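> Chains as they are written, first to last, in my numbering: chain A, 13 to 319; chain E, 496 to 1041. Even for Gly, the Cβ is constructed at its ideal location relative to N, Cα and C. Owing to the predicted nature of the structure, the values given are computational and were not obtained by experimental measurement. Structure provided below as structure tokens; questions to follow.
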Amino acid sequence: MGRYVIRRLLQMIPVFVGATLLIFLMVNVMGDPIAGLCGDRKCDPATAAQLRREFGLDKPVWQQYLTYMGNVFTGDFGTAFNGQEVTELMASAFPVTIRLTIVAILFEIVIGITFGVVTGLRRGRPVDTGVLLTTLVVISVPTFVTGLLLQLLLGVEWGWISPSVSSDAPFGELIVPGLVLASVSLAYVTRLTRTSIAENARGDYVRTAVAKGLPRHRVIRKHLLRNSLIPVVTFIGTDIGALMGGAIVTERIFNIHGVGYQLYQGILRQNTQTVVGFVTVLVLVFLVANLLVDLLYAVLDPRIRYA
Amino acid sequence: MRGATHARWAAGAVAVALAATGCGGGDSGGSSGGGDSGAVLSSSWGDPQNPLEPANTNEVQGGKVLDMIFRGLKRYNAKTGAAEDMLAEKIETTDSQNFTITVKDGWTFSNGEKVTAKSFVDAWNYGASLKNNQKNAYFFEYIQGYDKVHPSDGSKQTADTLSGLKVVDDRTFTVALTQKFSTFPDTLGYNAYVPLPQSFFTDHKAWLAKPVGNGPYAVDSYTKGSQLSVRKWDGYPGEDKAQNGGVDLKVYTDNNTAYTDLLAGNLDLVDDVPAAQLKNVQADLGDRYINTPAGIIQTLSFPFYDKAWNKPGSEKVREGLSRAIDRDQITDTIFQKTRTPATDWTSPVLGEDGGYKEGLCGDACEYDADAAKKLVKEGGGLPGGQVKITYNADTGSHKQWVDAVCNSINNALDNDQACVGNPVGTFADYRNQITERKMSGPFRAGWQMDYPLIQNFLQPLYYTNASSNDGKWSNADFDKLVNEANAEEDTAKAVQKFQQAEEVVRDNMAAIPLWYQNGSAGYSQRLSNVSLNPFSVPVYDQIKVS
């Protein structure tokens, strides 16, 4: 087990370097960011040259990348154009997005898996058809439509919630945005769980468990669910990264000042430091989440052993 | 439990009484007009692009804050745009080149420090100095010694302070310019010229975290990227004291969300109504929507460094294109009348005395398909058979209007291929391509004035090698007239000269004027007396909150 984890951690290094290099190059291809800082006019050439020097933009790209990575390992993620340190931006953005992701994941787990189990056990019944239809609708409607609709109905028409999230972004205000963010994944989790449960319900070990005279809830929880959850766990695990990085739309709609907001602003302003910094952290989140998922397999299915 | 119930009743009674007296106080006060001078309003905001230093803020979001917490020598009247004395007691000159400025007595910063001549001179020196990376440094370029503190070729600066600035005594300083510039005093209302307290220089980091100024508001708290709260400064010595208790500026990523928040009663003031909502705004807000002219003009510039656009007869092609654009229709359908078809190269906010001249463009800005066809043909046809209008596609619904302009040109010239849009992904990339002279045809040019002077609409844009002359247009007649206008001591005569220069722009069609942009804002029922100044910034200090 230990050796497996170490091997996986070592594998992360090339993935990490490759991913950051790619992002770095992509942001660089967009061109010189200084020109965008002066509004609809030409930057004063002397000031522009000085700024370029200060941000290291006058050096060749490979050198910029090496300097940047060197700084990252000492915990210095650089400075954004508005004078704020990127670490400062991260300290304010990540807690918000993590809270939002937690809310979304909870929705996926609680609602998604419950619906999945219920429909999987009652295949072909009205409940099953109803939930399937609903998930179909949720999957086919884009997130921004769901988001704007809920915002307008709950926020403006009925006045149940505030249409935007305050800058502190406590859990209570993140419920509706979290639901919107989770909606599509939630539908997938439901469908995955349903299929998985339906398949395994015919398994020999389930029949044996029933034949042993185990109570029904125990059969479902201990035997059926545990085996059926493996694909679902994979999905949710990879979804953590996707939710954190992909919340741009939801964060914009509800004015949440999280990772998506910083990334969006960073891209618009071609702020290499912000974009690369945030994406680097997101890449790390992805890698760690994937590792955790793989380790979880062993817990869920004793047949899987890592050596 | 009974006691608690009583207490609640008592509190209720006190509240009612307070409300009653509060109301009575407002009535007897008269000037507050029923507004509660202690109440705070919330307003939409965007994250400023640069640190909040006066000489480093060149966009409207940071400008909004500076406008609240600073007062300069002059201030532009929110209605007329005229430059009026604020901290300046008098600005004297005999030759339009050397100025003696006297600062009014009795002004202080909100931290108690006195505003003196030194506060101005230090601030201006800081703004001009290359090592401070101030993006508005060029505002000081006419002051003597600028080439030493800010060498344009990027070589090392040889001085730290401008030799043209001298402190005479506590309240007097002199400014020596490199050339005659009669309207120089009127430019001093710009944010880059405000005074700065000593703490700005001694503890710069702390100052940036919580800026200190001399305006009617003082910064209460500033959480970068999410909210800035200013509160009324009771010790403010000026006459334009704040009529409300303060303003909470909230950062919105998307102006649609801000608008939704306004409808839900979660926000008091939105100063940028999203284009998509313009159709509903009358139904949603009724008379709580304002739409007033701002000092912004949109034009199409041309690459004069490209031979194809700079040969004899090209001006006819340009004029033909101008006549092929149906400005009325586009401003009606796409902008819902939040823009006005342009008939000159300035802005209506200047007023007639300031140099705005309706119809100066004449026929050249009138839509006429036949004339357009004829002019383009006479001019030798479109270069390459097609014009590509380049624009940045990331903000400001540029795509919609460029497509509409192209449609209009295609229809007028009876040619489906006459015009296409050429989008560029980001604003920075767009600006890069412009500075690197990569434009192959007309390109979008927006100009927001720095100060309400006709000079500001002409010289930076069309003077040979001027800072924002992106098309590199150059015309000796124009340059000569601008020089003469700047040397003219009588304002009315100077304006006339500038208008003559503008006629040169017209005769050559150096840029096609499209439309004047309006500022728009919507507000909640709590507010009254809301207006926008010519820079499309809400006049916060006059807003009354009930």
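#1: With the cut-off set at 7 Å, would you say I252 of chain A and A181 of chain A are in Cβ contact?
#2: For S605 of chain E, does the three-state DSSP call read helix, strand or coil?
#3: Distance check for V201 of chain A and R932 of chain E, CA to CA, integer angstroms please.
#4: Please state whether DSSP places C518 of chain E in a helix, a strand or coil.
#5: Along the chain, where does the alpha helix (DSSP H) containing N1013 of chain E start, and where does it finish?
#6: Quick one: which chain A residues come within Cβ less than 8 Å of Y633 of chain E?
#7: For L1043 of chain E, tell me which candidate among E:D863, E:K675, E:N887 has the shortest Cα-Cα distance.
#8: Taking the runs of the alpha helix (DSSP H) that are 4 residues or longer, which of them lie wholly in the region 86-124 of chain A?
#9: Can you tell me which of the three DSSP states F183 of chain A falls into?
#10: At the level of alpha carbons, what is the spacing between L625 of chain E and G857 of chain E?
#11: Does chain E have any CB closer than 7 Å to the CB of L241 of chain A?
#12: Measure from the C-beta of Y731 of chain E to each C-beta in chain A and report whether the shortest distance is under 7 Å.
#13: Could you name the residues of the same chain whose beta carbon sits closer than 6 Å to that of T292 of chain A, not counting the 5 residues immediately before and after it, in chain order?
#14: Who are the near neighbours of G790 of chain E in its chain, counting only those whose CB is closer than 7 Å to its CB and skipping five residues on each side?
#15: Can you give the beta carbon distance from A913 of chain E to V882 of chain E, rounded, assuming they're within the 8 Å contact cut?
#16: Where do the ends of the alpha helix (DSSP H) carrying G159 of chain A lie?
#17: Should F85 of chain A be labelled buried (16 or more other beta-carbon atoms within 10 Å of its own) or exposed?
#18: Using a Cβ cut-off of 7 Å, which residues of the region 643-673 of chain E contact any Cβ in chain A, in chain order?
#19: For A105 of chain A, which residues of its own chain have a beta-carbon under 6 Å away from its beta-carbon, when the five flanking residues on both sides are left out?
#20: Expressed to the nearest angstrom, what Euclidean distance is found between the alpha-carbon atoms of K988 of chain E and T678 of chain E?
#21: Do the CB positions of G850 of chain E and F993 of chain E come within less than 7 Å of each other?
#22: Is it buried or exposed for Y217 of chain A, if we count other Cβ within 10 angstroms and need 16 for buried?
#23: Using beta carbons (cut-off 7 Å, strictly below), is A103 of chain A in contact with chain E?
#24: Please tell me whether T833 of chain E and N1013 of chain E are closer than 7 Å, where the distance is taken between their beta carbons.
#25: Straight-line CA distance for N957 of chain E to Q282 of chain A?
#26: Would you mind reading off the limits of the alpha helix (DSSP H) that contains H218 of chain A?
#27: Please confirm if L63 of chain A has its CB atom under 7 Å from at least one CB of chain E.
#28: Do you know how far the Cα of W968 of chain E is from the Cα of W840 of chain E?
#29: Looking at P680 of chain E: is its Cβ nearer than 7 Å to the Cβ of I586 of chain E?
#30: Exposed or buried, what is H229 of chain A when buried is set at 16 or more other beta-carbons lying within 10 Å of its beta-carbon?
#31: Since L144 of chain A sits in a beta bridge, which residues does DSSP pair it with?
#32: Residues of chain A with a CB under 8 Å from the CB of T597 of chain E: which are they?
#33: Between the alpha carbons of C860 of chain E and L112 of chain A, how many angstroms are there, rounded?
#34: As a quick exercise: from A:V29, A:V73, A:G51, pick the residue whose alpha carbon is nearest that of E43 of chain A.
#35: Quick check: is any heavy atom of the ligand ADP less than 6 Å from the C-beta of C914 of chain E?
#36: Do T158 of chain A and S195 of chain A come within 7 Å of each other at the CB atom, strictly closer than that value?
Result, derived from the coordinates:
#1: no
#2: coil
#3: 53 Å
#4: Its pLDDT being 38, under 50, C518 of chain E is placed unreliably by the model, and the measurement read from it follows with that caveat. Residue state, collapsed to three classes: helix.
#5: Careful: N1013 of chain E lies outside any alpha helix (DSSP H), inside the beta strand (DSSP E) at 1006-1018.
#6: D56
#7: Residue 1043 of chain E cannot be examined here, being either before or after the span of chain E that is shown, 496 to 1041.
#8: 98-119
#9: helix
#10: 44 Å
#11: no
#12: no
#13: T32
#14: S842, V844, Q943, M944, P947, P1029, F1030
#15: 7 Å
#16: 155-162
#17: exposed
#18: H645, P646, S647, G649
#19: G270, V271, Q274
#20: 12 Å
#21: yes
#22: exposed
#23: no
#24: yes
#25: For clarity, residue 957 of chain E is Tyr in the given sequence; the question names Asn instead. Computed Cα separation, rounded: 29 Å.
#26: One point to set straight first is that residue 218 of chain A is Val, not His, in the sequence displayed. Segment 216-223, the alpha helix (DSSP H) holding V218 of chain A.
#27: yes
#28: 15 Å
#29: yes
#30: exposed
#31: None; L144 of chain A has no bridge partner.
#32: Ordered by position in chain A, no residue passes the 8 Å Cβ test against T597 of chain E, which lies about 31 Å from the chain.
#33: 53 Å
#34: At residue 43 of chain A the sequence reads Gly, which differs from the Glu that was named. Answer by Cα proximity: A:V73.
#35: As far as ligands go, the structure on display features none, and thus does not contain the ligand ADP.
#36: yes
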